[in-house]
Amino acid sequence: MIFMNKKNEVLTNLELSSFCKQMSMILKAGISPIEGISMMIEDSQNKNEKQLLEKIYEDLTMTSSLAISLKKTSVFPNYMIQMLEIGEETGRNDEVMDALSHHYQREEMILQSIKNAITYPMIMILMMVVIIVILMTKVMPIFNQVFQQLGHEMTGLSKGVLLLGNTLSKYAAVFIIILLIVIGFIFYLLHNKNGKEKFKTIFYHFKGIKNLFHKIYACRLAGGMSLSLKSGLPFDRCIELSKELVYDKHFQKEINDCQNLLDKGSSLAKSFHDSHIFTGVQSRMLNIAEKAGQVDSIMDDIADQLEDEIDEKISSYINILEPTLVIILSIIVGVILLSVMLPLLGIMSNI
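The numbering used here puts the first residue of the sequence shown at 44, with every later residue one more than the last.
This is the structure:
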């Protein structure tokens, strides 16, 4: 386990998963938390990791509470701290740690899938822009020289592309500055709570994207519910804790609707179905699990199923987007070249 985060920044999902997995193995082996942290300090591989573990060890010797010790570092998420507090109260810290490791591993896989879905198209779009800009600023002027040598001038679309290319070349510095400002502004919005909400509102107009986000939030909720139920918490408390994992106001409204239905005496499966959190199949699975007293296991199964669906959905979007971008690039380049080549062939045929 290597901690690479900056001071006072929450650890990454991979770091959290790794830490929880190691602590789970230590606790299951009958080793106390303070001994386990001491062993981890000896195995630490860098300065940041060692300092963090030493801070945890120091607080642990004074408080004897792993949850309090982790909370004082300010780098562990509140949800994890709350689950550990419950684990210490119920004497099931080893099980909680194991479940947390699985939870953050799932979160990392979803996050990576989203990053891949965004990164690959962005690279493709950037390549398209570079190719088109080179075509307009470097290739079109060469064709213009050929036309001039033949005693003709470019007209129509080809002339418009040439003028645009000349403008880009002349004011390249200005366009680059504007582009950097736009990119910086987008990054600012993506790291700003209000900005994220605006982007989500835009995406929610696209049914496919809306469904994908819904699956991601439902997966987080189901995973959180499974973890908190395994800790022995009452169901209403489980929902309140799991709600903290979802930051989307649209989905939180669905959770509130589910809680209201439960308060009115509706069954667990029906409440999740009528509030549109789970599908009919998932609700039927939950209904059977409720009768069998295995809701925690089924919630985990639902989370795994949703994770697979998310990965499959994102992969399908990428598979569609890749040839679409290639086709768009081919059409743009083809139109530009034909706007030059066809008049040039006409001139050559008349010589």
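All C-beta atoms, glycine included, are put in the ideal place defined by N, C-alpha and C.
Small disclaimer: the values here were computed from a predicted structure and weren't measured.
Looking only at its chain, what residues have a beta carbon closer than 7 Å to the beta carbon of residue i, apart from the 5 residues adjacent to it on each side?
{"i": "residue 87", "result": "93 and 96"}
{"i": "residue 99", "result": "80, 112, 113 and 116"}
{"i": "residue 316", "result": "323 and 326"}
{"i": "residue 90", "result": "none"}
{"i": "residue 379", "result": "178 and 204"}
{"i": "residue 84", "result": "93, 96, 97 and 100"}
{"i": "residue 128", "result": "110"}
{"i": "residue 52", "result": "118"}
{"i": "residue 158", "result": "none"}
{"i": "residue 251", "result": "none"}
For a test of the three-state rule: what should DSSP assign to residue i, helix, strand or coil?
{"i": "residue 144", "result": "helix"}
{"i": "residue 319", "result": "coil"}
{"i": "residue 336", "result": "coil"}
{"i": "residue 308", "result": "coil"}
{"i": "residue 65", "result": "helix"}
{"i": "residue 212", "result": "helix"}
{"i": "residue 165", "result": "helix"}
{"i": "residue 291", "result": "coil"}
{"i": "residue 259", "result": "helix"}
{"i": "residue 196", "result": "coil"}
{"i": "residue 131", "result": "helix"}
{"i": "residue 75", "result": "coil"}
{"i": "residue 218", "result": "helix"}
{"i": "residue 116", "result": "helix"}
{"i": "residue 89", "result": "coil"}
{"i": "residue 350", "result": "helix"}
{"i": "residue 381", "result": "helix"}
{"i": "residue 251", "result": "helix"}
{"i": "residue 201", "result": "helix"}
{"i": "residue 55", "result": "coil"}
{"i": "residue 271", "result": "helix"}
{"i": "residue 277", "result": "coil"}
{"i": "residue 156", "result": "helix"}
{"i": "residue 81", "result": "helix"}
{"i": "residue 314", "result": "helix"}
{"i": "residue 108", "result": "coil"}
Pop quiz: residue i and residue j are said to be a contact at Cβ under 8 Å. What is the actual Cβ separation, rounded to whole angstroms?
{"i": "residue 204", "j": "residue 171", "result": "Not confirmed; about 15 Å, so no contact."}
{"i": "residue 126", "j": "residue 274", "result": "6 Å"}
{"i": "residue 351", "j": "residue 272", "result": "Rounded, the Cβ-Cβ distance is 21 Å, inconsistent with contact."}
{"i": "residue 329", "j": "residue 311", "result": "6 Å"}
{"i": "residue 130", "j": "residue 139", "result": "3 Å"}
{"i": "residue 151", "j": "residue 56", "result": "4 Å"}
{"i": "residue 261", "j": "residue 320", "result": "6 Å"}
{"i": "residue 156", "j": "residue 353", "result": "6 Å"}
{"i": "residue 282", "j": "residue 302", "result": "6 Å"}
{"i": "residue 361", "j": "residue 160", "result": "6 Å"}
{"i": "residue 182", "j": "residue 387", "result": "Their Cβ separation, rounded to whole angstroms, is 13 Å, which puts residue 182 and residue 387 out of contact at 8 Å."}
{"i": "residue 166", "j": "residue 376", "result": "No, residue 166 and residue 376 are not in contact; Cβ-Cβ is about 18 Å, not under 8 Å."}
{"i": "residue 63", "j": "residue 143", "result": "4 Å"}
Among residues of its own chain, excluding the 5 on either side of residue i, which ones have a beta-carbon nearer than 6 Å to its beta-carbon?
{"i": "residue 300", "result": "318"}
{"i": "residue 345", "result": "265 and 325"}
{"i": "residue 212", "result": "180"}
{"i": "residue 59", "result": "147"}
{"i": "residue 382", "result": "200 and 201"}
{"i": "residue 267", "result": "285 and 288"}
{"i": "residue 305", "result": "314"}
{"i": "residue 77", "result": "103"}
{"i": "residue 209", "result": "none"}
For residue i, I'd like the list of residues in its chain whose CB is within less than 8 Å of its CB, leaving aside the five on either flank, ordered along the chain.
{"i": "residue 82", "result": "69 and 74"}
{"i": "residue 258", "result": "349, 352, 353 and 356"}
{"i": "residue 371", "result": "171"}
{"i": "residue 122", "result": "267, 284, 287 and 288"}
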